[in-house]
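One line per chain: the protein sequences are G and V, in this order. Per my numbering, residue 50 is the first one in the first sequence, and the count goes up by one each step. Per my numbering, residue 174 is the first one in the second sequence, and the count goes up by one each step. Cβ coordinates follow ideal geometry from the N, Cα and C atoms, glycine included. Since this is a predicted model, take the numbers as computed values, not measurements.
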Amino acid sequence: MTNVRSDYVRPVDFKHGHVDMTHGGGGRAMTQLIAELFLREFDNEWLRAQNDSACIAMPAGRMVIATDSHVVSPLFFPGGDIGSLSVHGTINDVAMSGAKPLYLAATFVLEEGFPLADLKRIVVSMAAASRAAGVPIVTGDTKVVEKGKGDGVFITTTGVGLVPDGVDIAGDKAQPGDAIIVSGSLGDHGVAIMSLRENLSFETTIESDTAALHNLVATMVAVVPCIHCLRDPTRGGLATTLNEIALQSGCGMVIRERDLPVKAQVSAACEFLGLDPLYVANEGKLVAMVPPAHAQRLLAAMRAHPLGRDAALIGEVREDPLHFVQLDTSFGGRRNVDWLTGEQLPRIC
Amino acid sequence: MKYIDEFRDGALARRLAAAIAREAQPTRHYSLMEFCGGHTHAISRYGITDLLPANVRMIHGPGCPVCVLPVGRIDSAIELASRPGLILATYADTMRVPASKGSSLLKAKAHGADIRMVYSSADAIRIARDNPQRDVVFFAIGFETTTPPTAVAILEAAALGLGNFSVFCNHVLTPAAIANILESPEVRDLGTVPLDGFIGPAHVSTVIGSQPYEYFAEEYGRPVVIAGFEPLDVMQAILMLVRQLNEGRAEVENEFTRAVTREGNGKAKALVAEAFELRRSFEWRGLGEVPYSALRIKEKYRRFDAEARYGLEYRSVADNKACECGAILRGVKKPTDCKVFGTVCTPENPIGSCMVSSEGACAAHYSYGRFKDVPVIAVAAP
Numbered sequence: 050m051t052n053v054r055s056d057y058v059r060p061v062d063f064k065h066g067h068v069d070m071t072h073g074g075g076g077r078a079m080t081q082l083i084a085e086l087f088l089r090e091f092d093n094e095w096l097r098a099q100n101d102s103a104c105i106a107m108p109a110g111r112m113v114i115a116t117d118s119h120v121v122s123p124l125f126f127p128g129g130d131i132g133s134l135s136v137h138g139t140i141n142d143v144a145m146s147g148a149k150p151l152y153l154a155a156t157f158v159l160e161e162g163f164p165l166a167d168l169k170r171i172v173v174s175m176a177a178a179s180r181a182a183g184v185p186i187v188t189g190d191t192k193v194v195e196k197g198k199g200d201g202v203f204i205t206t207t208g209v210g211l212v213p214d215g216v217d218i219a220g221d222k223a224q225p226g227d228a229i230i231v232s233g234s235l236g237d238h239g240v241a242i243m244s245l246r247e248n249l250s251f252e253t254t255i256e257s258d259t260a261a262l263h264n265l266v267a268t269m270v271a272v273v274p275c276i277h278c279l280r281d282p283t284r285g286g287l288a289t290t291l292n293e294i295a296l297q298s299g300c301g302m303v304i305r306e307r308d309l310p311v312k313a314q315v316s317a318a319c320e321f322l323g324l325d326p327l328y329v330a331n332e333g334k335l336v337a338m339v340p341p342a343h344a345q346r347l348l349a350a351m352r353a354h355p356l357g358r359d360a361a362l363i364g365e366v367r368e369d370p371l372h373f374v375q376l377d378t379s380f381g382g383r384r385n386v387d388w389l390t391g392e393q394l395p396r397i398c
Numbered sequence: 174m175k176y177i178d179e180f181r182d183g184a185l186a187r188r189l190a191a192a193i194a195r196e197a198q199p200t201r202h203y204s205l206m207e208f209c210g211g212h213t214h215a216i217s218r219y220g221i222t223d224l225l226p227a228n229v230r231m232i233h234g235p236g237c238p239v240c241v242l243p244v245g246r247i248d249s250a251i252e253l254a255s256r257p258g259l260i261l262a263t264y265a266d267t268m269r270v271p272a273s274k275g276s277s278l279l280k281a282k283a284h285g286a287d288i289r290m291v292y293s294s295a296d297a298i299r300i301a302r303d304n305p306q307r308d309v310v311f312f313a314i315g316f317e318t319t320t321p322p323t324a325v326a327i328l329e330a331a332a333l334g335l336g337n338f339s340v341f342c343n344h345v346l347t348p349a350a351i352a353n354i355l356e357s358p359e360v361r362d363l364g365t366v367p368l369d370g371f372i373g374p375a376h377v378s379t380v381i382g383s384q385p386y387e388y389f390a391e392e393y394g395r396p397v398v399i400a401g402f403e404p405l406d407v408m409q410a411i412l413m414l415v416r417q418l419n420e421g422r423a424e425v426e427n428e429f430t431r432a433v434t435r436e437g438n439g440k441a442k443a444l445v446a447e448a449f450e451l452r453r454s455f456e457w458r459g460l461g462e463v464p465y466s467a468l469r470i471k472e473k474y475r476r477f478d479a480e481a482r483y484g485l486e487y488r489s490v491a492d493n494k495a496c497e498c499g500a501i502l503r504g505v506k507k508p509t510d511c512k513v514f515g516t517v518c519t520p521e522n523p524i525g526s527c528m529v530s531s532e533g534a535c536a537a538h539y540s541y542g543r544f545k546d547v548p549v550i551a552v553a554a555p
């Protein structure tokens with residue numbers, strides 16, 4: 050007679066435990082972490098199958114695939130955390146082709162010693178973001194690196210989506226005359242992150258705008274299927290995104306400073322940090338180029354959606370063999386809006 | 174933003190622009206130097222030159238702290254940062270300034286030097302307190318605006334007995350630089366650089382006051398108008414300079430009365446006098462050796478002087494031959510006169526210091542104004 054209970058496994062200690070090398074070692078500890086955390090939180094039929102890959106039926110049509118690594122510091126910030134950010138970031142990259150995002154894959158690089166409580170908080174937030182967006186995380190991977198070789202947790206997500214028929218959106222399709230529309234206020238995410246950095250810390254009520262934009266995009270393409278370009282102005286802000294599209298499409302742009310939506314707190318923070326909101330990161334905004342005849346209809350549809358309430362028409366695409374993005378200042382002059390030089394703030398997303 | 178938007182009002186700008194156009198006499202030229210990089214930045218960022226008549230020309234001066242730092246001083250900073258265990262605390266602007274052999278503080282950091290970017294000298298003190306077992310050097314640069322905070326750091330380190338903290342002092346003096354420009358052969362003898370008047374510094378003047386400029390107005394017959402860094406300040410100062418020149422006056426006028434007095438900030442000046450004394454000579458990029466143009470740490474605080482503590486020997490290094498930063502800093506040349514501007518020398522790969530800081534004449538023109546060099550693109554703003 051023995052009193053060993055063969056089926057008993059002591060649960061992972063998510064209250065006081067820490068990541069150790071065995072959590073990435075391929076053994077029982079790793080399997081247990083996957084079962085008690087990732088499987089439980091992300092729960093869906095593909096994960097339950099417990100294969101190394103997810104087997105999905107291929108819908109007919111054009112697929113898009115996008116991948117994005119997330120290394121934001123700090124991991125938790127007003128309005129979100131690295132978990133929700135890693136879901137939104139990839140969904141948005143997929144959605145910017147006009148596609149409906151269908152599935153996500155997620156890879157975690159964990160640093161030895163990282164508190165399991167924090168990991169759980171991140172995974173719970175990720176699962177909530179994925180459920181809210183209706184895009185399941187169907188496969189994943191976990192690796193552990195030695196203490197000092199990482200910084201808590203890095204998350205890479207990959208997404209696939211399906212482009213609806215009749216939609217052809219890409220960065221090289223902007224045409225002279227197109228209207229340039231942004232979906233809302235600029236710089237919220239960057240300022241929220243900066244407010245927490247140890248050498249900058251200041252008090253602000255600004256929250257990150259991190260959000261999944263695919264439903265807004267679906268609304269937009271339903272109303273105006275002939276949208277030329279969509280992109281989410283993340284690192285480097287709107288200025289960088291406009292320069293990318295100008296270069297890709299072989300055109301120039303002129304935007305109007307007085308029409309740029311910027312919250313008062315964001316412009317105040319930028320003022321004392323010596324930053325320009327045009328270069329500060331966003332995680333829940335998009336910019337669209339659309340034929341001028343459809344601009345007002347698109348703007349109205351965006352404003353009717355909660356994530357596009359503050360959408361604004363900010364300028365026009367024009368011919369320019371040198372691909373300059375220019376700004377008419379509220380002051381009455383005109384200047385270039387150049388590419389971001391160097392790095393404004395490391396590890397913003 | 175309250176108290177800021179008022180100084181960026183487009184309608185007021187148009188009224189000032191109309192007044193300048195009305196009062197600038199069509200038969201004469203007005204060459205005005207804005208000394209400060211802060212003004213250079215404002216002029217470029219708000220497109221102020223678009224609002225000026227063709228015969229009112231702005232010349233960018235040398236008042237960009239990063240731009241005037243010579244290569245040898247950056248080399249010394251890299252030498253310090255490369256010492257095992259040492260932490261170099263620096264303002265972020267210095268990170269990309271080109272040093273000898275294609276190096277920079279940014280590259281030294283990538284190679285393992287512990288370089289921390291700080292927003293104030295107080296952050297450097299905090300780093301020293303948090304790392305008592307390591308030496309911490311604050312790379313102090315700038316004109317009279319950033320000098321008092323460095324003085325505070327030295328006095329605080331003395332009060333705390335912070336044995337691991339020192340300052341690599343590179344603080345320079347505005348009046349000495351203005352005098353050097355006015356004494357330069359191009360301005361004085363050859364007349365190749367017409368220089369009719371100055372827009373005087375904003376933040377520097379809050380510390381030193383308007384009094385130090387009176388000498389330039391009297392001795393050199395050049396009007397000076399001290400102006401704030403907001404675009405309407407600059408426009409108003411230009412109008413005041415045009416009026417002085419039209420009336421044949423050469424006076425110091427103060428547009429920035431909301432912050433600048435004739436005497437300046439007595440408390441700040443006293444702090445500087447406590448911690449610093451004049452250097453006999455200091456090398457400036459563009460201006461060369463300028464006598465009594467910089468500060469060093471007083472003997473009494475010598476233990477906080479990184480130059481003494483680490484036995485730093487200054488070695489002057491010539492600028493890249495193709496680089497025209499020197500002439501640009503003196504107002505002799507425009508950024509577009511430089512062969513490497515926008516080709517080899519860009520903000521991503523600066524050859525000269527004027528391409529580094531956003532206050533530098535080259536970087537400001539490259540980032541904000543270079544479309545104006547192309548006639549097809551330069552359609553006037555509505």
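Between the alpha carbons of P348 (chain V) and Y386 (chain V), how many angstroms are there, rounded? Counting from one through the second sequence, the residue named residue 348 (chain V) turns up at place 175. Counting from one through the second sequence, the residue named residue 386 (chain V) turns up at place 213. Looking at the two C-alpha atoms, the distance is approximately 7 Å.
Count the other CB atoms within 10 Å of the CB of L335 (chain G); is the residue buried (16 or more) or exposed (fewer)? For the purposes of this step, residue 335 (chain G) is taken as residue 286 along the first sequence, with counting starting at 1. The residue in question, L335 (chain G), is buried, as its Cβ has 16 or more Cβ neighbours within 10 Å.
Just to make sure I have the definition right: I need the residues of chain V whose C-beta is within less than 7 Å of the C-beta of A317 (chain G). Which are they? The residue given as residue 317 (chain G) occupies position 268 in the first sequence. In chain order: M174.
Where A423 (chain V) and A390 (chain V) are concerned, what is the direct C-alpha to C-alpha distance, given to the nearest angstrom? Here residue 423 (chain V) refers to the residue found at position 250 when the second sequence is read from its first residue. Here residue 390 (chain V) refers to the residue found at position 217 when the second sequence is read from its first residue. Approximately 5 Å, taken between the alpha carbons.
Continuous alpha helix (DSSP H) stretch holding G439 (chain V): start and end: Start at 1 with the first residue of the second sequence, and residue 439 (chain V) comes out as number 266. Looking at the DSSP string, the run of the alpha helix (DSSP H) that includes G439 (chain V) is G439 to A448.
Buried or exposed by the 16-neighbour rule on C-beta atoms within 10 Å, applied to K149 (chain G): Taking the first sequence and counting its residues from 1, one reaches residue 149 (chain G) at position 100. Flag for K149 (chain G) reads buried.
Using a C-beta to C-beta distance shorter than 8 Å, which residues of chain G count as neighbours of D223 (chain V)? Sequence index remark: in the second sequence, residue 223 (chain V) carries index 50 (1-based). By Cβ distance, chain G contributes G381, G382 and R383.
How many whole angstroms separate the CB atoms of A467 (chain V) and H344 (chain V), which I take to be in contact at a CB cut-off of 8 Å? Working through the second sequence from its first residue, we reach residue 467 (chain V) at position 294. Working through the second sequence from its first residue, we reach residue 344 (chain V) at position 171. Correct: roughly 6 Å between the Cβ atoms.
Who are the near neighbours of L279 (chain G) in its chain, counting only those whose CB is closer than 7 Å to its CB and skipping five residues on each side? Translated into positions along the first sequence, residue 279 (chain G) becomes position 230. Taken in chain order, the residues that qualify are M145, G147, I218, V266, L335 and A337.
CA-CA distance, G459 (chain V) and E356 (chain V)? Residue numbering aside, residue 459 (chain V) sits at position 286 when the second sequence is read from its first letter. Residue numbering aside, residue 356 (chain V) sits at position 183 when the second sequence is read from its first letter. The alpha-carbon atoms of G459 (chain V) and E356 (chain V) are separated by roughly 14 Å.
Does DSSP put V244 (chain V) in a helix, a strand or coil? Indexing the second sequence from 1 puts residue 244 (chain V) at position 71. The answer is helix: DSSP assigns V244 (chain V) an H, G or I state.
Coil, strand or helix - V377 (chain V) by DSSP: Looking up residue 377 (chain V) in the second sequence gives position 204. Three-state result, V377 (chain V): helix.
Would you mind giving the Cβ-Cβ distance between A260 (chain G) and H137 (chain G), rounded to the nearest angstrom? I have them listed as a contact below 8 Å. Position 211 of the first sequence, counting from 1, holds the residue named residue 260 (chain G). Position 88 of the first sequence, counting from 1, holds the residue named residue 137 (chain G). Rounded, the Cβ-Cβ distance is 6 Å, consistent with contact.
Contacts of E521 (chain V) in chain G (Cβ-Cβ under 9 Å): The residue given as residue 521 (chain V) occupies position 348 in the second sequence. Here the neighbours are W388, T390 and G391.
Quick one: Cα of I397 (chain G) to Cα of C319 (chain G), how far? By one-based count along the first sequence, residue 397 (chain G) stands at place 348. By one-based count along the first sequence, residue 319 (chain G) stands at place 270. So the alpha carbons of these two residues sit roughly 15 Å apart.
Using a C-beta cutoff of 8 Å, does A313 (chain G) count as contacting chain V? Position 264 of the first sequence, counting from 1, holds the residue named residue 313 (chain G). It does; some Cβ of chain V falls within 8 Å.
Take the Cβ of F371 (chain V) as the centre, count every other Cβ of all protein chains shown within 10 Å, and call the residue buried at 16 or more, exposed below. Numbered from its first residue, the second sequence carries residue 371 (chain V) at position 198. F371 (chain V) should be labelled buried.
Pick helix, strand or coil for L261 (chain V), following the three-state DSSP scheme. Along the second sequence, read from residue 1 onward, the residue named residue 261 (chain V) stands at position 88. In this structure, L261 (chain V) counts as strand in the three-state DSSP scheme.
Kindly list, in the order they appear in chain G, the residues whose Cβ is closer than 7 Å to that of V380 (chain V). In the second sequence, counting from the first residue as 1, residue 380 (chain V) sits at position 207. Chain G residues near V380 (chain V): none, gap ~19 Å exceeds 7 Å.
Less than 8 Å between the beta carbons of I171 (chain G) and G226 (chain G), yes or no? The sequence position of residue 171 (chain G) within the first sequence is 122, counting from 1. The sequence position of residue 226 (chain G) within the first sequence is 177, counting from 1. Not in contact: I171 (chain G) and G226 (chain G) (Cβ atoms no closer than 8 Å).
On the DSSP letters alone, give me the boundaries of the alpha helix (DSSP H) that P404 (chain V) sits inside. Here residue 404 (chain V) is taken as the residue at index 231 of the second sequence, counted from 1. From DSSP, the alpha helix (DSSP H) with P404 (chain V) extends over P404 to N419.
Quick check: the region 225-243 of chain V against the region 498-506 of chain V, are there 3 or more CB pairs under 8 Å? yes
Element boundaries [alpha helix (DSSP H), containing P322 (chain V)]: Locating residue 322 (chain V) in the second sequence gives position 149, where the first residue counts as 1. Looking at the DSSP string, the run of the alpha helix (DSSP H) that includes P322 (chain V) is T320 to L333.
Using a Cβ-Cβ cut-off of 8 Å, state whether L371 (chain G) counts as contacting chain V. Residue mapping note: residue 371 (chain G) aligns to position 322 of the first sequence, counting from 1. At least one chain V Cβ lies under 8 Å of L371 (chain G).
With DSSP run on the structure shown, which of helix, strand or coil describes M174 (chain V)? Residue mapping note: residue 174 (chain V) aligns to position 1 of the second sequence, counting from 1. M174 (chain V) falls in the coil class under three-state DSSP.
In three-state terms, what does DSSP make of S454 (chain V)? Position 281 of the second sequence, counting from 1, holds the residue named residue 454 (chain V). It is a strand residue.
Candidates V:R435, V:V398 and V:D406: which alpha carbon is nearest L418 (chain V)'s? Numbered from 1 along the second sequence, position 245 holds the residue referred to as residue 418 (chain V). That would be V:V398, whose Cα lies nearest to the Cα of L418 (chain V).
Please determine, among V:R246, V:F311 and V:E359, the residue with the shortest C-alpha to C-alpha distance to S339 (chain V). Here the question's residue 339 (chain V) lines up with position 166 in the second sequence. Comparing Cα positions, the closest option is V:F311.
Is there a Cβ of chain G sitting closer than 8 Å to that of S540 (chain V), yes or no? The residue given as residue 540 (chain V) occupies position 367 in the second sequence. Cβ-Cβ to chain G under 8 Å: yes for S540 (chain V).
If the cut-off is 7 Å on Cβ atoms, which residues from the region 261-287 of chain V count as contacting chain G, listed in chain order? R269
So H263 (chain G) packs on I114 (chain G), CB below 8 Å; how close in whole Å? Start at 1 with the first residue of the first sequence, and residue 263 (chain G) comes out as number 214. Start at 1 with the first residue of the first sequence, and residue 114 (chain G) comes out as number 65. In fact, because the Cβ distance is near 15 Å, the residues do not count as touching under 8 Å.
With C-beta atoms as the reference, is G233 (chain G) less than 8 Å away from D359 (chain G)? Along the first sequence, one-based indexing puts residue 233 (chain G) at 184. Along the first sequence, one-based indexing puts residue 359 (chain G) at 310. For G233 (chain G) and D359 (chain G), yes; Cβs fall inside 8 Å.
So E320 (chain G) is in the alpha helix (DSSP H); what residue range does that whole segment cover? Taking the first sequence and counting its residues from 1, the one referred to as residue 320 (chain G) is at position 271. Unbroken alpha helix (DSSP H) run through E320 (chain G): A313 to L322.
Can you tell me whether DSSP reads Q375 (chain G) as helix, strand or coil? The sequence position of residue 375 (chain G) within the first sequence is 326, counting from 1. Correct three-state label for Q375 (chain G): strand.
Reducing DSSP to helix, strand and coil, say where F389 (chain V) ends up. Within the second sequence, residue 389 (chain V) is the residue found at index 216, counting from 1. Of the three classes helix, strand and coil, the one that applies to F389 (chain V) here is helix, per DSSP.
Run through the region 275-306 of chain G for me and flag every whole beta strand (DSSP E) of 3 or more residues, listed as ranges in chain order. 278-280 and 301-305
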